[in-house]
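*Asks:* Residue numbers (numbering that gives the first Met the number 0), protein chains in the order written: chain H, 0 to 333; chain V, 0 to 184. By construction, the Cβ of each residue, glycine as well, lies at the ideal position given by its N, Cα and C atoms. All of these numbers come straight from a predicted model, not from anything done at the bench.
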Amino acid sequence: MYDLIKNNQRKSWLVFIGMGLLLISLGGILGYVFMPYDYQGVITGVFIAIIIWVIQTFIAFLGGDKIILNMANAKAISYDDDRELYNIVEELSIASGLPMPKVYVIETPAMNAFATGMNPKKSIVAITTGLRERLTRQEIQAVMAHEMSHIYNRDVRFMTFASIMLGTIVIISEIALRSMVWGGGSSSRSSGSSSGGKGGGGGIAQILVLVVVVALAILAPILARMFYFSLSRKREYLADATSVNFTRDPVSLANALEKISGDNVVFDPGKMTAAMCINKPRIKEHKENLTSTHPPIQKRIAILRAMSMGTDYNTYTKVYASIMGKDDLPKSKK
Amino acid sequence: MLTTLLIILGIIVLLVIWIIAIYNGMVKMRNTVDKEWRNIDVQLERRYDLIPNLIETVKGYAKHEQETFARITEYRSAAMGAKTVSEKAAANGQLSSALSGLRVQLEAYPDLKANTNFLNLQEELASTENKISFSRSIYNEVVTNYNNKIQIFPNNIFAGIFNFKNRDLFEISTQEAKSAPKVSF
Chain H
0 MYDLIKNNQR KSWLVFIGMG LLLISLGGIL GYVFMPYDYQ GVITGVFIAI
50 IIWVIQTFIA FLGGDKIILN MANAKAISYD DDRELYNIVE ELSIASGLPM
100 PKVYVIETPA MNAFATGMNP KKSIVAITTG LRERLTRQEI QAVMAHEMSH
150 IYNRDVRFMT FASIMLGTIV IISEIALRSM VWGGGSSSRS SGSSSGGKGG
200 GGGIAQILVL VVVVALAILA PILARMFYFS LSRKREYLAD ATSVNFTRDP
250 VSLANALEKI SGDNVVFDPG KMTAAMCINK PRIKEHKENL TSTHPPIQKR
300 IAILRAMSMG TDYNTYTKVY ASIMGKDDLP KSKK
Chain V
0 MLTTLLIILG IIVLLVIWII AIYNGMVKMR NTVDKEWRNI DVQLERRYDL
50 IPNLIETVKG YAKHEQETFA RITEYRSAAM GAKTVSEKAA ANGQLSSALS
100 GLRVQLEAYP DLKANTNFLN LQEELASTEN KISFSRSIYN EVVTNYNNKI
150 QIFPNNIFAG IFNFKNRDLF EISTQEAKSA PKVSF
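Shown next, in the form of structure tokens:
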């Protein structure tokens, strides 16, 4: 399993760098458009993009662990508050070799659970009372193992980075589109007059560039979002696989997911944490998206139910491949 | 003459460094094995502590199960007296199956379900068994790695010289292992 973490981490960095390059080129191109025929424009654009990115990262690192503390109905529990839950997490910390995380319970009838914390030493696992009350001991173990798997696979930090990158791309594109509506007129007028002396050719090129930039500003956030959500969904399958590898009990995870699929209560743990939930949290209607952080729960259940040959990671990837018709999960050498 | 001497000296130094590296590698792995063994042992001790409490609590309700109680107490003493890893594994395997037998028998006493003390003890015992089972798989993994390390050539030569011995796996009968950490009440 350890080679998988390394693989995940390597991929994390690739994604991180890829999204960074996208971000920087977006900033550069936009800078070029607003200050054409001048390298300073490109440099300024890149610079602004990086600054926005750094600020967002900073906020995420400062605020990461506090998300849960800001939830009015969240409560840290000790052994005496809920022995069974505490014991289960302790068992899983032995199974995974991770340090014991803090355990939180969130008072809500919604059925969900999540993990947070930028590194395994400072991580938190949380479960809602709605879910806690409805599951058997083995099912809670399965759900908490899924959450511990997000910590084990270093998903929290990775998805936080990806989410920051996405947020930054959205912000820059928004700035670009808005400034084109409000300030774009004057900049195109002034550049139009400066290129006016050279003839009409420059004007057409300018319009072409403008079209490309508008297309980019509209497409970049969409592409980044699609990319982010597909990453998030793959992380869910991986967390299921890791969870089963820990507990050796795919049936209980399938049973738990079946119960969770009946959930119809609104629960919004925030954008960053949503990717770490056991299932896609039901957020308010107007915030619903075509894209989703989680794969269809029925698919996940089908894979788990079909795991009759074993509970190790590679069995999961085999069953996944036969059910999904594609073989795109990373392989473990062991 | 001097060059030959220096070359020989250089080779000897390299050889010594190489042996030190092998030796340190084996020591590190042996320490990991010891550490993981202690993790199992802590949980085994915990279980030995819980059993008398459980029997004490249950006695008053389940008067017809004296025979089972006696057997569990006997297995417990046997497990506590076991010295080697394989002896402990065998004794604890017996103890585990006797305990799961008791669990089934106690289903016949619904009054127990209202006893918080009993429920807490059951939870502790269940959790301890899961912990033993999880620690066991980690322990067996590090033991396998360690045994491989000291058996491969040329490590086996130095393992012999420095007295590194094979360790036993903590193995419980296959039937036991298959039903591993599934404990419910």
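#1: Name, please, each residue of chain V whose Cβ falls closer than 7 Å to the Cβ of H:Arg82.
#2: According to DSSP, is H:Lys101 helix, strand or coil?
#3: Anything in the stretch 129-143 of chain V with a Cβ closer than 9 Å to a Cβ of chain H? List those residues in chain order, please.
#4: Does the Cβ-Cβ distance between H:Asn111 and H:Phe245 come in under 8 Å?
#5: Check each candidate in V:Ala88, V:Arg102 and V:Ile151 and name the one with the smallest Cα separation from V:Tyr138.
#6: Who are the neighbours of H:Gly96 on chain V, taking C-beta pairs under 8 Å?
#7: Is the Cβ of H:Ile93 closer than 8 Å to any Cβ of chain V?
#8: Taking C-beta pairs closer than 9 Å, name the residues in chain V that H:Asn244 reaches, listed in chain order.
#9: For H:Ala112, write down the residues that DSSP places opposite it in a beta bridge.
#10: Given H:Tyr259, which residues of its chain have a CB within under 6 Å of its CB, disregarding the five upstream and five downstream residues?
#11: Tell me the DSSP bridge mates of H:Lys120?
#12: Compute the beta-carbon to beta-carbon distance between H:Ala240 and H:Thr316, rounded to the nearest angstrom, for a pair I have assumed lies under 8 Å.
#13: Reducing DSSP to helix, strand and coil, say where H:Ala73 ends up.
#14: Out of H:Thr292, H:Ala273 and H:Glu235, point me to the one whose CA is closest to H:Phe228's CA.
#15: Taking the straight line between their C-alpha atoms, what separation do you get for H:Asn118 and H:Gln39?
#16: Relative to the C-alpha of H:Ile302, which residue among H:Met275, H:Ile42, H:Leu237 and H:Val264 is closest?
#17: Which residues mark the beginning and the end of the alpha helix (DSSP H) in which H:Glu138 is found?
#18: For H:Leu134, which residues from the same chain have a beta carbon less than 6 Å from its beta carbon, with the 5 sequence-adjacent residues on both sides left out?
#19: Just to confirm, is the Cβ distance from H:Trp52 to H:Leu20 under 8 Å?
#20: Could you check which residue in H:Gly324, H:Ser251, H:Arg304 and H:Lys330 has the C-alpha nearest to that of H:Met143?
#21: Can you tell me which of H:Asn72, H:Thr310 and H:Arg82 puts its alpha carbon nearest to the alpha carbon of H:Ser242?
#22: Mind pulling the chain V residues with CB within less than 7 Å of H:Glu173?
#23: Output yes if chain H places a C-beta closer than 8 Å to the C-beta of V:Ser126; else output no.
#24: With a cut-off of 8 Å on the beta carbons, I'd call H:Gln55 and H:Ile174 a contact; round off their distance for me.
#25: Using a Cβ-Cβ cutoff of less than 6 Å, which residues in the same chain neighbour H:Asp326 once the five nearest sequence positions on both sides are dropped?
#26: Taking Cβ positions only, does H:Asn152 come closer than 8 Å to chain V?
#27: Is the beta carbon of H:Arg131 closer than 8 Å to that of H:Leu91?
#28: V:Val57 and V:Leu111: beta carbons closer than 8 Å?
#29: Nearest by alpha-carbon distance to V:Ser222: which of V:Ala78, V:Val84 and V:Thr83 is it?
#30: Cβ of V:Arg45 less than 8 Å from any chain H Cβ?
#31: Classify V:Gly159: buried if its beta carbon has 16 or more other beta carbons within 10 angstroms, exposed otherwise.
*Replies:* Well, looking at it:
#1: Asn119 and Glu122
#2: strand
#3: Asn129, Lys130, Ser132, Phe133, Ser134, Ser136 and Ile137
#4: no
#5: V:Ala88
#6: Ile137
#7: yes
#8: Neighbours of H:Asn244 on chain V: none; closest Cβ ~10 Å, over 9 Å.
#9: H:Ile126
#10: In the sequence as presented, Tyr is not what sits at residue 259 of chain H; that position holds Ile. Excluding positions up to five away in sequence, the list reads Met110 and Asn278.
#11: H:Lys120 pairs with nothing; no bridge assigned.
#12: 7 Å
#13: strand
#14: H:Thr292
#15: 39 Å
#16: H:Leu237
#17: Arg136 to Tyr151
#18: Ala255
#19: no
#20: H:Ser251
#21: H:Thr310
#22: Ordered by position in chain V, no residue passes the 7 Å Cβ test against H:Glu173, which lies about 48 Å from the chain.
#23: yes
#24: Not really, about 14 Å apart at Cβ, beyond 8 Å.
#25: Ala320
#26: no
#27: no
#28: yes
#29: As shown, chain V starts at 0 and ends at 184. That puts residue 222 of chain V outside it, with no answer to give.
#30: no
#31: exposed
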